[in-house]
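Engineer: Just dropping this structure here.
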Amino acid sequence: MEVYNMVPDWIGILIAAVLNMAIGAVWYSHWLFGDLWLKITKEKELHWLSWRALIQFVPSFGIAFFIDFFERHLGVTTVTDGMFVSFCFWLGFVAPTQVSSFLWGTRSWKLFAINGSYRLLAFLVMGGLIAS
0 MEVYNMVPDW
10 IGILIAAVLN
20 MAIGAVWYSH
30 WLFGDLWLKI
40 TKEKELHWLS
50 WRALIQFVPS
60 FGIAFFIDFF
70 ERHLGVTTVT
80 DGMFVSFCFW
90 LGFVAPTQVS
100 SFLWGTRSWK
110 LFAINGSYRL
120 LAFLVMGGLI
130 AS
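Position one of the sequence shown corresponds to residue 0 (numbering that gives the first Met the number 0), numbered consecutively onward.
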């Protein structure tokens, strides 16, 4: 069994976490799905320049860290393989969680589609970047 470098790529993790935040900022902006998201959630405004955004960096960093951890342990070395691993994480963990939120929360297919597709895109970008 070949041993891979198990030292976390802290720079890659940091960049992936920041990219996750940037994708979310654009995704939920008035340019894309922000207005529809506001209407569905009945929020009054977008909060990207608030304490919520600062706290969101912590789970973004955690997601990037664990993508890096598993990609290293699986021996992933290509962008497409990294994206595939992240897609599997999304399909196995994020999508079912989103379904539960749909069933027990707002029951809005539009909100499910907005949130789920954002997470899918963010996971694919982070997985590809970290694997590169």
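Cβ coordinates follow ideal geometry from the N, Cα and C atoms, glycine included. In this text, all values refer to a predicted model and were calculated from it rather than measured experimentally.
Please list, in chain order, all residues of the same chain as I14 whose beta carbon is under 6 angstroms from its beta carbon, the five residues on each side excluded.
Structural biologist: By the criterion of a C-beta distance shorter than 6 angstroms, I14 is surrounded by no residue of its chain, once the five residues flanking it on both sides are discounted.
Engineer: Using CA atoms only, rank isn't needed, just tell me which of L45, W30, L31 is closest to L37.
Structural biologist: L45
Engineer: Mind reading off the beta-carbon distance from M125 to A63? Whole number of angstroms is fine, and I expect it under 8 angstroms.
Structural biologist: With a Cβ gap of about 5 angstroms, M125 and A63 count as contacting.
Engineer: For G127, collect the residues of the same chain with a Cβ closer than 8 angstroms to its Cβ; drop the 5 residues on either side in sequence, then sort them by chain order.
Structural biologist: Only residues of its own chain outside the window of five on either side were considered, and among them V78, T79, G81, M82, S85 have a CB closer than 8 angstroms to the CB of G127, listed in chain order.
Engineer: Enumerate in chain order the residues of its own chain whose CB-to-CB distance from W26 is below 7 angstroms, with the five nearest sequence positions on each side excluded.
Structural biologist: F32, Y117
Engineer: Buried or exposed: where does S131 fall if 16 or more other Cβ atoms within 10 Å of its Cβ makes it buried?
Structural biologist: exposed
Engineer: Counting C-beta neighbours from all protein chains within 10 Å, is the total for S99 16 or more, i.e. buried, or is it exposed?
Structural biologist: exposed
Engineer: Sort M20, E70, H29, W30 by Cα distance to D8 and report the nearest one.
Structural biologist: E70
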